[in-house]
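Protein sequences, first through last, are from chains Y and C. In this text, residue positions in the first sequence follow our numbering: the first is 1, and each later residue adds one. In this text, residue positions in the second sequence follow our numbering: the first is 1001, and each later residue adds one. For glycine and all other residues, C-beta sits at the position ideal for the given N, C-alpha and C. Input: a single structure, listed below in structure tokens.
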Amino acid sequence: MAQEYDIKAMATKIKALRRNAEALKEISGGIPAVIKNADRILANVKMLEIDISDAVKVMGK
Amino acid sequence: MKDNEYWNPVLETMPQEKLQKLQLKKFKEIFTWAYERSKFYRKLYKDAGIEPGDIRSFDDIRKVPKIEKSMLRGAQGKDPFPYGDILCVPLDQVTAYHQTSGTTGQPVYQADTWQDWELSTEAYAYALYAQGYRAGDRLFLPFGYNIFIAFWSYHYAAEKLGCEVVPGGVLDTSARILKMQELRCVGMGATPTYILGMADTARKMGLNPPKDLFIRKITVAGEPGGSIPATRKRMEDAWGAKVYDQVGSTEIGHWGYECRRQAGLHVNEGLYLVEIEDIETGKPIEGPGKRGKMVVTNLSRMAQPCIRFDVKDIIQWNARTCDCGRTYRLLEGGVQGRADDITKVKGVLLSPAAIEEVVRNVPQLGDEYIVVVTKKGDIDDITLKVEIKPEYKKDEAAIKAKLTDHLRITTNLGYNIEFHEFGSLPRSQAKSRRFQDMRPHH
């Protein structure tokens, strides 16, 4: 069943989410509301990496 | 997707050989992380002559020194205060403090970053989804929301699933029951002891929980009762609900759960590496048929990593696979006890969980019991304190004989049986310590 999903495509989008959240922090100008909310997004991105992206290599995708 | 069964089918149905490949990769990563950032771990590993590049196989993992609770206690209380040099992130990245209950000694402090806290929630989400919790369920949490990790992650995982959570915080038991009745809550989470105690209180309030309340699924944790058939049956009968076991701890996180099939605990092998070691020789136990001591690694916890933690829990691989389709391995009988609790009495190995199974199978007895082991001269002596339900007081002699027989068959030991007034033995809202070894060397 794990093979039924296009996890490679998902991993690409997850990578883009990380890149965007990190880029947002870089241009935040130090605004705490931007930095801290981006940090929370990144914590959720990490969950997606654990759930999906980390599986890509071992699934041979 | 099969009957909307999985929180994450990618990991939960991944073939075992690929899961193991993933675990090895992640173990290397967390080992390297801890080695590079924590003085505690670096010293431990350097003393053992192991570096990150040395981890290439599961045999290499088994050479990595284990940690124990006493080591964690020894590290804490120093800088960075209060966690000590086990900490792998700057203090300003720590967003949550919790501590162990201290049932086995000085509590252990646990630091988590926001990401770690998300991980704890994520692990619990696997459990709740597998147990049939869904968006729209209104749940009640009769839990103290305090320094103990207990059901915090149940709360946040349920929210993540889209459930509505009613926090039962500082309400007393009666107020909690009335609130869950008023709001028609359909699920809850608590320790087995408290689940049974709440049902008792509800009955004293004149309520019949299966009919007057709406609870249909219960997740239990913190004690082995959820995987002890007689205790589970008592809880299910008392509430007219399905009861599911979930296991975890402050230091580890939520590493295992039952699914709706109730066929045993699935180890969440996508997030954790669970090893079983022979209690006496320390050799790995790879297959079913023999119980041993659990050694566990949280593969992604960053602030205060948990790498090869010797938990002292006794577990056993199950030969069965579950009909649910998960490839995560099952444990036989959940957590069967603690290595610390399994002790020789009169020369016989005694597991408190075996006593619980016998006591809870006698319907004339109440839910509570206490086992006290003492020494009279050179001879061990065991007293079992139980409560007899008022309507069966006249049958005391017959119940005593039945209990004595069943205990002897199950544990190979004789007991002094003490009957106490119904409702007189101590009740606990948190973890109960029903096994009291009072012998001089214990």
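Secondary structure of residue i, DSSP reduced to three states
i	result
F1040 of chain C	helix
Q1099 of chain C	strand
L1273 of chain C	strand
S1249 of chain C	strand
N37 of chain Y	helix
W1255 of chain C	strand
Q1115 of chain C	helix
G1366 of chain C	strand
T12 of chain Y	helix
M1071 of chain C	helix
V1358 of chain C	helix
F1214 of chain C	coil
G1347 of chain C	coil
I1147 of chain C	coil
I1279 of chain C	coil
For residue i: DSSP bridge partner residues
i	result
R1338 of chain C	C:D1313
L1330 of chain C	C:H1266
V1089 of chain C	The partner list for V1089 of chain C (beta bridge, DSSP) is empty, contrary to what the question assumes.
E1387 of chain C	C:H1420
Q1436 of chain C	C:V1372
A1190 of chain C	C:V1220
Q1016 of chain C	According to DSSP, Q1016 of chain C bridges with nothing at all.
Q1110 of chain C	C:H1098
F1140 of chain C	C:V1166, C:M1188
Y982 of chain C	Chain C is shown from 1001 up to 1442; residue 982 of chain C falls before or after that span and cannot be answered.
V1296 of chain C	C:V1274, C:F1309
Nearest neighbour of residue i, chosen from the options [CA to CA]
i	options	result
A1190 of chain C	C:A1199, C:V1311, C:P1440, C:L1141	C:L1141
Y1272 of chain C	C:R1308, C:G1292, C:H1420	C:R1308
V1267 of chain C	C:I1285, C:T1113, C:Y1257	C:Y1257
I1215 of chain C	C:A1048, C:G1187, C:S1153	C:G1187
Q1316 of chain C	C:M1294, C:P1305, C:C1306	C:M1294
N44 of chain Y	C:E1068, C:K1160, C:Y1006	C:K1160
L1019 of chain C	C:M1198, C:L1365, C:Y1328, C:K1376	C:Y1328
C1185 of chain C	C:G1136, C:G1169, C:M1205	C:G1136
D1092 of chain C	Y:K36, Y:K25, Y:L17, Y:R18	Y:K36
V1371 of chain C	C:E1356, C:D1054, C:V1362	C:E1356
Y1126 of chain C	C:W1007, C:E1036, C:W1117, C:E1051	C:W1007
V1296 of chain C	C:C1322, C:I1061, C:E1396	C:I1061
S1057 of chain C	C:K1402, C:I1279, C:I1342, C:K1026	C:K1026
T1100 of chain C	C:Q1076, C:V1094, C:A1123	C:Q1076
W1114 of chain C	C:R1439, C:F1422, C:P1090	C:P1090
D1380 of chain C	C:A1398, C:K1344, C:K1402	C:K1344
N1412 of chain C	C:G1168, C:T1404, C:Y1124	C:T1404
W1117 of chain C	C:L1207, C:Q1304, C:G1377, C:E1277	C:Q1304
P1440 of chain C	C:T1374, C:F1419, C:D1395	C:T1374
C1324 of chain C	C:G1168, C:R1261, C:V1064	C:R1261
F1031 of chain C	C:I1086, C:L1196, C:M1438, C:R1176	C:I1086
A1158 of chain C	C:G1132, C:E1280, C:G1287, C:Y1035	C:G1132
I1218 of chain C	C:I1409, C:T1193, C:I1050, C:D1278	C:T1193
K1078 of chain C	C:K1039, C:G1049, C:G1102	C:K1039
P1288 of chain C	C:C1306, C:R1320, C:A1263, C:C1259	C:R1320
S1153 of chain C	C:A1398, C:H1098, C:L1331	C:H1098
Residue i classed as buried or exposed, judged by whether at least 16 other C-beta atoms fall within 10 angstroms
i	result
L1011 of chain C	buried
Q1016 of chain C	exposed
S1070 of chain C	exposed
L1299 of chain C	buried
D1047 of chain C	exposed
V1220 of chain C	buried
V1348 of chain C	exposed
F1148 of chain C	buried
V1359 of chain C	buried
V1274 of chain C	buried
G1270 of chain C	buried
D1378 of chain C	exposed
G1206 of chain C	exposed
D1313 of chain C	buried
T12 of chain Y	exposed
M1438 of chain C	exposed
K1043 of chain C	exposed
Presumed contact (8 Å Cβ cut-off) between residue i and residue j, rounded CB distance
i	j	result
E988 of chain C	V1108 of chain C	No answer is possible for residue 988 of chain C: the residues shown for chain C start at 1001 and end at 1442.
G1334 of chain C	V1243 of chain C	Not confirmed; about 12 Å, so no contact.
S1424 of chain C	E1391 of chain C	16 Å between Cβ atoms; not a contact.
A1111 of chain C	Y1083 of chain C	5 Å
M1014 of chain C	A55 of chain Y	7 Å
A21 of chain Y	I41 of chain Y	5 Å
L1183 of chain C	V1166 of chain C	6 Å
K1389 of chain C	Q1364 of chain C	6 Å
C1088 of chain C	A1034 of chain C	6 Å
K1448 of chain C	P1065 of chain C	For chain C, the structure presents residues 1001 to 1442; residue 1448 of chain C sits outside this window and is missing.
Any non-hydrogen atom of the ligand COA closer than 8 Å to residue i Cβ
i	result
L1183 of chain C	In terms of ligand content, the structure shown is empty, and the ligand COA therefore cannot be addressed.
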